[in-house]
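Visitor: The structure that follows is given in the form of structure tokens.
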Amino acid sequence: METENPEDYVVLLDRALERTPRVVDTTSRFTMPKPSVFIEGKTSILDNFGTIVDYINRDPDHLMKFLLRELGTAGKMEGNRAIFQGKFSKQNVENLLNSYLEEYVICSECGGPDTHLIKNGRIMVLECDACGAHRSILKRSRQKKTEKVPIVEVGGIYDLKIEDIGRKGDGIARMDKYIFYIPYNQKGDVVKVRVKKISGTLVFTELVAEEA
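Under my numbering, read the sequence shown as residues -9 to 202, first letter to last.
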């Protein structure tokens, strides 16, 4: 009795695997990169806007229009960054990005991110490449009110850009009416700080180590 060639068996096995439908893994939740947001003068900057757009595989103009509408402000894209007129907290921007993710990216059936948007007449449809499900996207009304100026409080953590250096060598950053004193002296750098003490409009901080 002849024995089958092992190489022929491997070829047949590979073909069988190629024809096997891909199993969608919904056990792990899809998450986008954390937004890097800081205040610069009278504007708010989403420093990794381009990175987020690439990660979720969406048109940058579509995401930008969504953010501008929800924030109720004007803005522009500049390289990898998105710049918004007004002062918005990191949490505010992150909440809107998560809303966009749920509405325009994540499949409501399998929970996967492998989707694309198509226009069906006047209706936009989200179609899943993984499981084949599709759903229409309803027009949403803008949030009634967006908190433009974050509340500064003891223990709060903020991403701030060093605008000036004080007489004692501390970095100085500004947010609305507040002046932040930061134990860091590289002008132009963005640092993460925790508020230790507030005296009127003066805010004293300490550096927060970035998570590995």
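By construction, the Cβ of each residue, glycine as well, lies at the ideal position given by its N, Cα and C atoms. Nothing here was measured: the structure is a model prediction, and the numbers come from that model.
1. Taking just the CA atoms, how far does Ile162 sit from Gly156?
2. Might you give, ordered along the chain, the residues of its own chain that have their beta carbon closer than 6 Å to the beta carbon of Phe39, omitting 5 neighbours on each side?
3. Assign Ile113 to buried or exposed, taking buried as 16 or more other Cβ atoms, counted over all protein chains shown, within 10 Å of its Cβ.
4. Nearest-angstrom Cα distance between Glu204 and Thr63?
5. Do you know whose CA, among Leu91, Gly65, Lys66, Gly31, lies nearest Asp44's CA?
6. Considering only C-alpha positions, which residue in the set Asp160, Val83, Val185, Cys121 is nearest to Thr24?
7. Count the other C-beta atoms from every protein chain shown that fall within 10 angstroms of the C-beta of Ser131, then say buried if there are 16 or more, exposed otherwise.
8. So, is Glu60 buried or exposed, given that buried needs 16 or more other C-beta atoms within 10 angstroms?
9. Which word fits Arg184, buried or exposed, when buried means at least 16 other C-beta atoms lie within 10 angstroms of its C-beta?
10. Among all the DSSP beta bridges, which residues are the ones paired with Ile27?
11. Throw me the rounded Cβ distance for the Gly76 and Ser34 pair, which I believe falls under 8 Å.
12. According to DSSP, what are the bridge partners of Val224?
13. Could you have a look at Phe170 and say whether DSSP puts it in helix, strand or coil?
Guide: A quick look at the data gives this:
1. 6 Å
2. Arg71, Ala72
3. exposed
4. The structure shown does not extend to residue 204, since the chain spans only -9 to 202, so no value can be given for it.
5. Leu91
6. Note that residue 24 is Lys in the sequence shown here, rather than Thr. Nearest of Asp160, Val83, Val185, Cys121 to Lys24, Cα basis: Val83.
7. With a pLDDT of only 47 at Ser131, under 50, the local geometry of the prediction cannot be trusted, and the value read off the model is given with reservation. By the 10 Å Cβ count, Ser131 comes out exposed.
8. buried
9. exposed
10. The question names Ile, but residue 27 in the sequence shown is Val. Note: Val27 sits in a beta bridge opposite Leu36.
11. 6 Å
12. As shown, the chain starts at -9 and ends at 202. That puts residue 224 outside it, with no answer to give.
13. strand
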